[in-house]
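A.B. asks: The structure follows.
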Amino acid sequence: MTQVGEGHETAADGAGPVMTFGAPTVGEILAERYQLEQHVNNDSAGRQVWRGIDVILRRAVAVVLRHPGGDSATEMLQAAVAASRVIHPNLVGVYDAIDEQQRAYVVREWVDGESLRDLIGAEGPLDPARAIAIAHSVADALTAVHATGMVHGNVHPGSTLIADDGRVVLADARADAAGSNETDVRAVGGILYFALTGHWPHAEVGQSGLPDANRDSSGNPAAPRQIRAGVPAYLDDLTMDLLDRRVAAPASDALTAELGRLDAASEDDEYEDVGPLRFVQGGGSGSSEPVRSAPKILLGVGALVVIAIIGLIFGINAINDTSSNADNGQSTTAGGATGQDGTPDVTQTQAPVPKQIKLTADMVRIVDPPPGDRDDASEAKLTVDGNQETAWKLAWYSQPKFGNSKKGMGLLIDLGEARSLSEVQVTTSAPGVVMDLRVGTSDPGDSSNGDKKVLEQFTSLSDAEGGPTKSTGTKHVLSVADPTQKYQYVMVFLSELPRNEDTPGYQVNVNEIELYGY
1 MTQVGEGHET
11 AADGAGPVMT
21 FGAPTVGEIL
31 AERYQLEQHV
41 NNDSAGRQVW
51 RGIDVILRRA
61 VAVVLRHPGG
71 DSATEMLQAA
81 VAASRVIHPN
91 LVGVYDAIDE
101 QQRAYVVREW
111 VDGESLRDLI
121 GAEGPLDPAR
131 AIAIAHSVAD
141 ALTAVHATGM
151 VHGNVHPGST
161 LIADDGRVVL
171 ADARADAAGS
181 NETDVRAVGG
191 ILYFALTGHW
201 PHAEVGQSGL
211 PDANRDSSGN
221 PAAPRQIRAG
231 VPAYLDDLTM
241 DLLDRRVAAP
251 ASDALTAELG
261 RLDAASEDDE
271 YEDVGPLRFV
281 QGGGSGSSEP
291 VRSAPKILLG
301 VGALVVIAII
311 GLIFGINAIN
321 DTSSNADNGQ
331 STTAGGATGQ
341 DGTPDVTQTQ
351 APVPKQIKLT
361 ADMVRIVDPP
371 PGDRDDASEA
381 KLTVDGNQET
391 AWKLAWYSQP
401 KFGNSKKGMG
411 LLIDLGEARS
421 LSEVQVTTSA
431 PGVVMDLRVG
441 TSDPGDSSNG
451 DKKVLEQFTS
461 LSDAEGGPTK
471 STGTKHVLSV
481 ADPTQKYQYV
491 MVFLSELPRN
501 EDTPGYQVNV
511 NEIELYGY
C-alpha cells in the first residue's frame, strides 16, 4: 500500500532526482537499527518509501528517504519532529528523523491497509455511514493536531489510510506555512465529497491528480445528491457547507462533535432526525445556532422575501380570476405554466454528470511501436467487452520498461467524433503499472509505421498532472483536467510493467478500459 506522501500537489512537489549514488538497497540497515525490506513506491515529493524492520524493537516501520539531505530535507524533518509530539490513535506514529547529509529519512509507523484513494479506486464511492466514520476519525486527528498549535496541511485521500483492522489514520503532515486550521477543516469536507462521489474538488480544497468535482456552468461543484442516490440531505448539506467559503468554517473540535453526532445517528439510520448544524464559533460554548457568513444569510433572506411576494401576487391574481369567472359563470386555471399539481413549473439546471461512453471492438486497436511484432492485435477488443475475465495479455519482458527495447505499448481509441472526457478507468491484473493518457488529431494507420507516428504525434494529458502515474491498485483512474476540451483519438499508454511472479519477468494484463464523459 502507499504509506505516505500522496497528498496535495504544490509547486514544491515536483518529483526530485532519482536516487543513484548512495541509493538504498534491500537488506541495508540505517542508523544501525532500521533494516530496509521492500521498496514500496516513490511519493509525490520525489522521496522513496520503504517497508523496513526496527531490528531492536522487532516491529515493521515505514522509512521515507530523501536524497540529498541537508537544506532540501529541512521541511520533511521539521514536519516529522512536530508530528512526533502528537500522540493520537488516528495519527500515524512518527518514530525517528535523521539527516545524514547525503540522504535524510523519517521512520514512521507501518500501517497494514490502504489509502482512501486506493479504496475508492478499487471499490468506488462509499456508503454514507462509512464516509461519515472516516471523516469523523480524520476530524478527531485534526483536533489533536490543532490543540498543539500545529497545522496538518496535507489532508487528502492519499494521506488518509484505512488499516486492515478498520482504524483510520492520517499521515504525512507538512511543516510549511501554506496551510491553516481552516484549510484543514475544509479538507475534511473534501474527504466527505471524495468518499461519496469519487471526485476531489480542486478549487475548494487543493489541486490533485484525482478527478475534479463535476461542475455547473458557473463552476460550482455538483452536490453529492446530484451525482448519486442515497446520500442523506443533512450529510449533503454538511459536505457542501464545508466546501463553501461563504459559510464560516467551524473549529476542528466542533466539526468532530458534529460528525460524531451524525456518526451515532447513522447507526440507527436516523440521519433526517439529527437536526440542524450545531457548529459554534471557535468551537467554544455559546450560541448553538449555525455560524453562517453574511452573504449567505442575506441571500437566504432575500430568497424568502421574493418567494413571499410571488406567492402574494399569485394569490391575488387567483382570487381576482376566480371572482371574475364566477361572475361570468365560467371556471379557469390561474395563468402561467403549471405542473400536474397546479404549482408553477420550475425547471432546475443541474451540473452535468459524466456518463460511460460505449466502446465497441471496431473503436479500439493496440499500438505496438517498433521493434514490436504486433502479434496481439486481436486482443484489443477484449478490453472493451465488459468482461473482467477477458484481457489483453501483454508479453513478459526481462526489464520493467519493456525490456528497454521500446517506450511502451498502448490502446488507441477512436471515438468517432470529438467528445468531452472527464476520466478514463483502466483495470489491470496487478498494480504497479506506469501509464498516462495521450491524445492526437488522427490515427496514422494500423501498421508498424503508423504506431511509430502515434508515439511521435500524440501528446500526454498527464503532463499537467506531473506526468505518467503508477497504479497502486488494479483499477487506475486517469483524470482529464479540462473537461471542456474535446478529443476523438485517445490512447492509454503503458510505459512500465510490474513484476509478475508467474512469469520470468515483468508482465500485466489489461482487463478493461472505460471512458467517461459528456
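Residue numbers (the UniProt record's numbering): 1 to 518.
Note that CB positions come from ideal geometry on N, CA and C, so glycine has one too.
All values reported here derive from a predicted model rather than from experimental measurement.
With DSSP collapsed to three states, give me the class of A104.
C.D. replies: DSSP places A104 in strand when its eight states are reduced to three.
A.B. asks: Can you tell which of L142, L494, G198 has the C-alpha that lies nearest to the C-alpha of N181?
C.D. replies: Taking only the C-alpha atoms, the option nearest N181 is L142.
A.B. asks: Starting from the Cα of G93, find the closest Cα among G153, E109, Q102, D241 and give me that residue.
C.D. replies: Selected option, being the one with the closest Cα: E109.
A.B. asks: Check each candidate in I132, M491, G113, S378 and name the one with the smallest Cα separation from L421.
C.D. replies: The shortest C-alpha separation from L421 is found at M491.
A.B. asks: What residue does the alpha helix (DSSP H) around G190 start on, and which one ends it?
C.D. replies: First-last of the alpha helix (DSSP H) with G190: 181 to 197.
A.B. asks: Pull up the DSSP beta-bridge partners for S405, would you.
C.D. replies: DSSP, once it has assigned bridges, lists no residue as partnering S405.
A.B. asks: Identify which residue in A163, D172, V61 has its Cα closest to the Cα of R51.
C.D. replies: For the residues A163, D172, V61, the minimum Cα distance to R51 belongs to V61.
A.B. asks: Out of G230, P211, V454, which one is the CA nearest neighbour of P221?
C.D. replies: Looking at the Cα atoms, P211 is the closest of the given residues.
A.B. asks: Excluding the 5 residues flanking Y397 on each side, which residues of the same chain have their C-beta closer than 6 Å to its C-beta?
C.D. replies: Closer than 6 Å at Cβ, skipping near neighbours: G403, G505, Y506.
A.B. asks: Taking the C-alpha atoms as reference points, what is the distance between A294 and G166?
C.D. replies: Here the model assigns A294 a pLDDT of 40, short of 50, so the residue's position is not dependable, and the following value carries that caveat. Taking the straight line from one Cα to the other gives about 40 Å.
A.B. asks: Reducing DSSP to helix, strand and coil, say where Q388 ends up.
C.D. replies: In the structure shown, Q388 sits in coil (DSSP, three-state: anything other than H, G, I, E or B).
A.B. asks: For Q356, which residues from the same chain have a beta carbon less than 8 Å from its beta carbon, with the 5 sequence-adjacent residues on both sides left out?
C.D. replies: Result list for Q356: E514, L515, Y516, in chain order.
A.B. asks: By DSSP, does M150 sit in helix, in strand, or in coil?
C.D. replies: DSSP places M150 in coil when its eight states are reduced to three.
A.B. asks: In whole angstroms, what separates the C-alpha of T349 from that of V364?
C.D. replies: Its pLDDT being 42, under 50, T349 is placed unreliably in this model, and the value from its coordinates should be taken loosely. The alpha-carbon atoms of T349 and V364 are separated by roughly 35 Å.
A.B. asks: For E379, which residues in the same chain have their Cβ closer than 6 Å to its Cβ, ignoring the five residues on either side in sequence?
C.D. replies: Contacts found: W392.
A.B. asks: Which residues mark the beginning and the end of the beta strand (DSSP E) in which E123 is found?
C.D. replies: Per DSSP, E123 belongs to no beta strand (DSSP E); it is in the alpha helix (DSSP H), 116 to 123.
A.B. asks: Out of L412, N500, A481, which one is the CA nearest neighbour of Q457?
C.D. replies: Nearest option by C-alpha distance: L412.
A.B. asks: Closer than 6 Å by C-beta to L235: which residues in its own chain qualify, once you throw out the five before and the five after it? Chain order, please.
C.D. replies: Closer than 6 Å at the Cβ level, and outside the excluded window around L235, lie P128.
A.B. asks: For residue 519 and A229, what's the separation of their Cα atoms in angstroms?
C.D. replies: The question about residue 519 has no answer here: the residues shown for the chain are numbered 1 through 518.
A.B. asks: Go ahead and label A303 buried or exposed: buried means 16 or more other beta carbons lie within 10 angstroms of its beta carbon, across all protein chains shown.
C.D. replies: Model confidence at A303 stands at a pLDDT of 49, short of 50, so the residue's coordinates are unreliable and nothing is read from them.
A.B. asks: In terms of DSSP beta bridges, what is M491 paired with?
C.D. replies: Per DSSP, L412, R438.
A.B. asks: Who are the near neighbours of M150 in its chain, counting only those whose CB is closer than 6 Å to its CB and skipping five residues on each side?
C.D. replies: Excluding positions up to five away in sequence, the list reads A82.
A.B. asks: When DSSP labels each residue in this structure, what does R66 get in the three-state scheme?
C.D. replies: Three-state result, R66: strand.
A.B. asks: Using only alpha-carbon positions, find the residue among D446, A430, E417, Q388 that is nearest to P370.
C.D. replies: That would be D446, whose Cα lies nearest to the Cα of P370.
A.B. asks: Which one or two residues does DSSP pair with V426 in a beta bridge?
C.D. replies: Looking at the DSSP assignment, V426 forms a beta bridge with H476, I513.
A.B. asks: Below 8 Å CB to CB, which residues in the same chain sit around L243 once its five sequence neighbours on both sides are set aside?
C.D. replies: Same-chain partners within the cutoff: R186, G189, G190, Y193, P201, E204, V205, P221.
A.B. asks: In this structure, does DSSP put I397 in helix, strand or coil?
C.D. replies: Here residue 397 is Tyr; the residue named in the question, Ile, does not match the sequence. Residue state, collapsed to three classes: strand.
A.B. asks: The alpha helix (DSSP H) spanning I227 covers which residue range?
C.D. replies: Unbroken alpha helix (DSSP H) run through I227: 224 to 227.
A.B. asks: Just the C-alpha distance for A481 and Q226, rounded to the nearest angstrom, thanks.
C.D. replies: Distance between the alpha carbons of A481 and Q226: 21 Å.
A.B. asks: Excluding five sequence neighbours on each side, which residues of the same chain lie with their C-beta closer than 6 Å to the C-beta of T256?
C.D. replies: Around T256: A139, D140, T143.
A.B. asks: My assumption, with CB atoms under 8 Å, is that G153 sits in contact with A173. Please give the rounded CB distance.
C.D. replies: Confirmed, Cβ separation roughly 6 Å.
A.B. asks: Residues bridged to S420 by DSSP?
C.D. replies: In DSSP, S420 forms a bridge with K486.
A.B. asks: Taking C-beta to C-beta, are K470 and V434 nearer than 9 Å?
C.D. replies: Going by C-beta atoms, K470 is nearer than 9 Å to V434.
A.B. asks: Beta-carbon within less than 6 Å of G198's beta-carbon, same chain only, minus the 5 sequence neighbours each way: which residues are those?
C.D. replies: Contacts found: I120, P125.
A.B. asks: Less than 8 Å between C-beta atoms, sequence neighbours within five positions excluded: which residues of the same chain meet that for G416?
C.D. replies: Around G416: M363, Q488.
A.B. asks: Among the residues of its own chain, which have a CB less than 7 Å from the CB of S442, if the five just before and after it don't count?
C.D. replies: Cβ within range, chain order: Y489.
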